[in-house]
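For the record, the sequence lines run as chains A and B.
Using my numbering, the first residue of the first sequence is number 288, and each one after it goes up by one.
Using my numbering, the first residue of the second sequence is number 250, and each one after it goes up by one.
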Amino acid sequence: MATEIHVNGAATSSDWQDRYYHVDQILDRPGPRTDPSFLAGDEVKDFLRNKCKILVIGAGGLGCEILANLALTGFKDIHLIDMDTIDISNLNRQFLFRPADVGRPKAIVAAEYVMKRVPGVKVTPYYGKIQDKDDDYYMQFNLVICGLDSVEARRWINATLVNLVDSENPESLKPLIDGGTEGFKGQARVILPTVSSCYECSLDMLNKPTTFPICTIANTPRLPEHCIEWASVLEWPRVRGDEKLDTDDPEHIGWLYSIAVARAKEFKIEGVTWSLTQGVVKNVIPAIASTNAIIAASCCNEAFKIATSSAAYLNNYFMLIGTEGVYSYTFEHEKRDHCPVCGGEALEMSISRDWTVEQLIELLTERQTIQIKKPSLATPEKPIYFQQPPQLEESTRPNLEKKVSELVPDGGEVVVTASSLPFSLSLIITYT
Amino acid sequence: MSSQDSQDIETATTAIESAPDTKTRRYDRQLRLWAATGQSALESSRVLLVSGSATSTSILKNLVLPGIGHFTILDHAKVSHSDAGNNFFLEGYNSIGKSRAEEAVQLLSELNDGVEGRADTRTLESILESHPEWITSFTIVISHNLDHALLNKLSALLWKDAKYPPLVVVRSAGFLADFYIQFHEHTIIESHSETSPSLRIDKPFQALREHALSLEFDNMDSTEHGHIPYVVILVRALEDWKKSHNGGLPKSYEERQQFKKSVLALKVKGDEENFDEAEAQAYRCWTETKVPSEILALFSDPALSTKAMDNNQSPFFHLLAALKEYTEQSDTHTLPLTSTLPDMKSDTNNYIHLQRLYKTRAEEEKQAFKSYLRVPVDDGMVDSFVKNAHALVVLRGKPWGTFDEDKAALVESLSTMPKETCIHLALSALSLLQASDTSVSPSAESIRAKIQSIVGQSTELPDEADDAIGEIARAPFSELPNTAAFLGGMVAQEVIKMITKQYVPVKGYCVIDLIETWTGTIGA
Chain A
288 MATEIHVNGA
298 ATSSDWQDRY
308 YHVDQILDRP
318 GPRTDPSFLA
328 GDEVKDFLRN
338 KCKILVIGAG
348 GLGCEILANL
358 ALTGFKDIHL
368 IDMDTIDISN
378 LNRQFLFRPA
388 DVGRPKAIVA
398 AEYVMKRVPG
408 VKVTPYYGKI
418 QDKDDDYYMQ
428 FNLVICGLDS
438 VEARRWINAT
448 LVNLVDSENP
458 ESLKPLIDGG
468 TEGFKGQARV
478 ILPTVSSCYE
488 CSLDMLNKPT
498 TFPICTIANT
508 PRLPEHCIEW
518 ASVLEWPRVR
528 GDEKLDTDDP
538 EHIGWLYSIA
548 VARAKEFKIE
558 GVTWSLTQGV
568 VKNVIPAIAS
578 TNAIIAASCC
588 NEAFKIATSS
598 AAYLNNYFML
608 IGTEGVYSYT
618 FEHEKRDHCP
628 VCGGEALEMS
638 ISRDWTVEQL
648 IELLTERQTI
658 QIKKPSLATP
668 EKPIYFQQPP
678 QLEESTRPNL
688 EKKVSELVPD
698 GGEVVVTASS
708 LPFSLSLIIT
718 YT
Chain B
250 MSSQDSQDIE
260 TATTAIESAP
270 DTKTRRYDRQ
280 LRLWAATGQS
290 ALESSRVLLV
300 SGSATSTSIL
310 KNLVLPGIGH
320 FTILDHAKVS
330 HSDAGNNFFL
340 EGYNSIGKSR
350 AEEAVQLLSE
360 LNDGVEGRAD
370 TRTLESILES
380 HPEWITSFTI
390 VISHNLDHAL
400 LNKLSALLWK
410 DAKYPPLVVV
420 RSAGFLADFY
430 IQFHEHTIIE
440 SHSETSPSLR
450 IDKPFQALRE
460 HALSLEFDNM
470 DSTEHGHIPY
480 VVILVRALED
490 WKKSHNGGLP
500 KSYEERQQFK
510 KSVLALKVKG
520 DEENFDEAEA
530 QAYRCWTETK
540 VPSEILALFS
550 DPALSTKAMD
560 NNQSPFFHLL
570 AALKEYTEQS
580 DTHTLPLTST
590 LPDMKSDTNN
600 YIHLQRLYKT
610 RAEEEKQAFK
620 SYLRVPVDDG
630 MVDSFVKNAH
640 ALVVLRGKPW
650 GTFDEDKAAL
660 VESLSTMPKE
670 TCIHLALSAL
680 SLLQASDTSV
690 SPSAESIRAK
700 IQSIVGQSTE
710 LPDEADDAIG
720 EIARAPFSEL
730 PNTAAFLGGM
740 VAQEVIKMIT
750 KQYVPVKGYC
760 VIDLIETWTG
770 TIGA
């Protein structure tokens, strides 16, 4: 520890003179694209460094980058949630982790590392799921940044933050900054819950996952992928019964690989490799440090601008493709009127008079704009079919075969809920 | 099938790989993008960073993690109070006063013990003076916010010889940035293009044609009928069409509709998806397979002149010359046939049989192609070249600084891409102003005046210039951590593309605005 410690404006004692020289050039004066409400000088610095509380969700490829960037930007009170432990394949990009850390919880290791490297920053890690935390927890933050790898988790946090918004309380609006990457592609977006387009509004933009028809897998394989799917979807349950397939277990992958190779030999199909096996079974997405760095930096840059009002922020979607030169597209994604999460209106749905409840449920699962996995249905008066709890499921199960028209009048309302998502979707059913 | 064939299939389908080693597991997610060949290129590379700024170390992080061979940070500076606050690869207050290069190298090296890092505390000036050849020994050189005069010297040095390394020039201030790769020529075999090569259904090779004609559609059992691959259906349907149309292809809209109907008429059962596929893919019958225009353009490339070829050209151009001759001499005047079939509705036997027909023919055409090669070329490279013949890329660059000296180009760029050009010019102005006086913070007026002198007094600056000038005047010396991190990713990505020679690097100035959050490329 050196002998001189210079205090910089309203900074805490772990700061030193000129620590924030670079950031302060922005915070000391407005620029041409700065909102008039910007308060240059000590007040904004005090807010950023002493008052602002920010939540980072995910401590993986994006999360590590986000954490480091936020700390250097001057955010001092950062909370971090991640439910995973460190794997060796993370080390090519998740730079807060070392080979000795493999097996340890990501949130905890990341927090330790950043607090050691950047003096004065407090990172509070939580090793667990975002669903473990309640509304009071989320209410304490000024901003939320997500570096998640699952659509399901994103939908959950999006819906949670939208539901938090109380028009009487401006503090209840928590800007959500969401980032995602895949190989050389990435996107960053700014969501102002109830004000701008939300994550659910853009659900139909997602690529449909690759699925192989079961008859191809079972009877007419042509590609090495078909052989691998056969091993994991058909052969594993047949041979290893109730044992749960753990795609992170090298023994399981090894077993699937050799089964797939044998099947490929039988059908004279080339191309089954260990790498392909792992790729298909785990749905591996290629990932590199550089794309994660770009997207994480954009997210943190938006967080900085929003927290300080020092410059106009992204409105509202930035997409980047780096395979051929540098191609990016910045646009404003529009709010959807019938968005089940942030839209107010009920969705009109026209179905055949003969449709059963089961068929309606299948539609809700498959339609691109809805995609609810295990929906429960009810009219305002009574339940139609509930997935849980078991007694209610059993008692409503006979309704699955009944025609919807027997239970719901033409123009009647059906409320759809799902345990995985904290929102309900209102449907107005009309019959053809 | 010959015994050689069955042995090959046997080996190809049953050779069991052992579980991947630690390094493969660590790099798994990136190997899926550039494979072992790309990784090997990275691991042989030697990267030079001129400056140990936050942006430089950020770029390096994204190169060390994927496993470059070696990096050197050339920086004579000591860590300042402000450096210690914006650079993750310094240890806060404790680094102040120490060598910036040495502190950064130590912390960056922790990220990957397979990478060798070196700190060099000499000045660039002294090296350019006494032994510039040291700089040319690297695979690629990267500079950040380098002093104007030194940058000119460095870029001129590296431009002297086409074999010298490319130079990546990075500039930033506050929320604005741009970067440029200076290189003579960059050839790419594995561009990873999204377009797939033609299946040549309009010009079927003999074995395919014979196979299609040999099938007795009427006498097939219904399961077999429903599993004929669409490629075979189309080749057959086209042959039948040609018989009754004087050898002509379906030309007019009516004829094409008729052709599609005739394909569907072959259906025996309504649910035969293979015939539906054939109808959807029918365009392949009348879309002429020929050499793609971009590749045709390459055949006129000056590098293929006899003079250039005699002067010891690279394998790429020897391969390109062979490709040109091959397409000229082949019956179909097309690129060598692809061996890769897309998936399609079919049973295993039919599909594998069709695949084998393509593989066999593709191999024959590849051998024919090889006969035109005048020099020996590594087999792996030949295979890759033929496989990617439809998507080859040759880029030719210009020296750093040419764009700013070309007033006509600047005027054009200001009218078509004003935002990007104004930011680029504002950064150039800043660099020039600093060259004359490093102590003074430039005013908006002085920046504007300098931009005006670059474009010429008679050129009116668009309104977009106000924002760019205002931003630079607000924060001329600000190296924001998020801008540094953003650039770190962008530049590292381009460097990886240059080193691996896979995917296509950016040509021209990539301009970045982190207020409205966009990127744009000018001056290509």
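We put the beta carbon where it would ideally sit given N, CA and C, even for glycine.
{"Item": "Check whether the Cβ atoms of B:Val364 and B:Val313 lie closer than 8 Å to each other.", "Value": "yes"}
{"Item": "Which residue marks the beginning of the alpha helix (DSSP H) containing A:Tyr307, and which one marks its end?", "Value": "Segment: none, A:Tyr307 is in no alpha helix (DSSP H) and carries neither H nor E."}
{"Item": "Between B:Glu743 and B:Val755, what straight-line distance do the alpha-carbon atoms span, to the nearest angstrom?", "Value": "7 Å"}
{"Item": "Should B:Tyr429 be labelled buried (16 or more other beta-carbon atoms within 10 Å of its own) or exposed?", "Value": "buried"}
{"Item": "Specify, as a first and last residue, the run of the beta strand (DSSP E) that B:Ile761 falls within.", "Value": "758-762"}
{"Item": "Could you check where the alpha helix (DSSP H) with A:Glu553 kicks off and where it finishes?", "Value": "537-554"}
{"Item": "Please state the DSSP three-state secondary structure of A:Arg476.", "Value": "strand"}
{"Item": "Are the Cβ atoms of A:Pro667 and A:Val702 separated by less than 8 Å?", "Value": "yes"}
{"Item": "Can you name the residues that DSSP bridges to A:Met636?", "Value": "A:Ile716"}
{"Item": "Between B:Trp767 and chain A, is any beta-carbon pair separated by less than 8 Å?", "Value": "yes"}
{"Item": "What's the gap between the Cα of A:Gly390 and the Cα of A:Ile373?", "Value": "5 Å"}
{"Item": "Taking 8 Å as the CB-CB limit, is B:Cys759 close to chain A?", "Value": "yes"}
{"Item": "Going along the chain, which residues of the segment 426-442 of chain B sit with their C-beta nearer than 9 Å to a C-beta in chain A?", "Value": "Ser440, His441, Ser442"}
{"Item": "Strictly below 7 Å CB to CB, what residues from chain A border B:Ala731?", "Value": "The sequence given here places Asn at residue 731 of chain B; Ala does not occur at that position. Going along chain A in sequence order, the residues near B:Asn731 (Cβ under 7 Å) are Asn356, Thr360, Ala584, Cys587, Asn588, Phe591."}
{"Item": "Could you tell me the distance, in whole angstroms, from the CA atom of A:Asp535 to the CA atom of B:Ala353?", "Value": "35 Å"}
{"Item": "Going straight from the alpha carbon of A:Ile638 to that of A:Glu693, what length do you get?", "Value": "13 Å"}
{"Item": "If distances are taken between C-alpha atoms only, which option among B:Ile700, B:Gln751, B:Leu679, B:Thr372 comes closest to B:Val660?", "Value": "B:Ile700"}
{"Item": "When we look at the beta-carbon of B:Asp451 and count the other beta-carbons within 10 Å, is it buried (16 or more) or exposed?", "Value": "buried"}
{"Item": "What's the gap between the Cα of A:Glu553 and the Cα of A:Lys622?", "Value": "52 Å"}
{"Item": "Ignoring anything shorter than 3 residues, give me the beta strand (DSSP E) runs that lie fully in the segment 364-439 of chain A, in order along the chain.", "Value": "364-369, 409-414, 430-433"}
{"Item": "For A:Glu611, which residues in the same chain have their Cβ closer than 7 Å to its Cβ, ignoring the five residues on either side in sequence?", "Value": "none"}
{"Item": "Just grab the DSSP bridge partners of B:Thr436 for me.", "Value": "B:Val643"}
{"Item": "Which residues, taken in chain order from the segment 565-599 of chain B, show a beta carbon closer than 7 Å to some beta carbon of chain A?", "Value": "Asp592, Ser595, Asp596, Thr597"}
{"Item": "With three or more C-beta pairs closer than 8 Å as the rule, is the segment 300-307 of chain A touching the segment 330-340 of chain B?", "Value": "yes"}
{"Item": "Count the other C-beta atoms from every protein chain shown that fall within 10 angstroms of the C-beta of A:Arg684, then say buried if there are 16 or more, exposed otherwise.", "Value": "exposed"}
{"Item": "Does the beta carbon of B:Met469 come closer than 8 Å to any beta carbon on chain A?", "Value": "no"}
{"Item": "Mind pulling the chain A residues with CB within less than 7 Å of B:Leu314?", "Value": "Asn379, Arg380, Phe382, Ala576"}
{"Item": "Would you verify that the beta carbon of A:Val405 is, or is not, closer than 8 Å to some beta carbon of chain B?", "Value": "yes"}
{"Item": "I'd like to know whether the C-beta of A:Phe325 is nearer than 8 Å to at least one C-beta of chain B.", "Value": "no"}
{"Item": "Does DSSP put B:Ile317 in a helix, in a strand, or in coil?", "Value": "coil"}
{"Item": "Hey, how far is the Cα of B:Ile345 from the Cα of B:Lys327?", "Value": "7 Å"}
{"Item": "For chain B, is any of its Cβ atoms less than 8 Å away from the one on A:Tyr307?", "Value": "yes"}
{"Item": "Determine, using beta carbons only, whether B:Trp649 and B:Leu425 come nearer to each other than 8 Å.", "Value": "no"}
{"Item": "Opposite B:Met630 in the DSSP bridges: which residues?", "Value": "Note: B:Met630 sits in no beta bridge, so no partner."}
{"Item": "Quick one: which chain A residues come within Cβ less than 7 Å of B:Ser331?", "Value": "Asp305, Tyr308, His309"}
{"Item": "Would the segment 564-580 of chain B count as touching the segment 469-480 of chain A if we require 3 or more Cβ pairs under 8 Å?", "Value": "no"}
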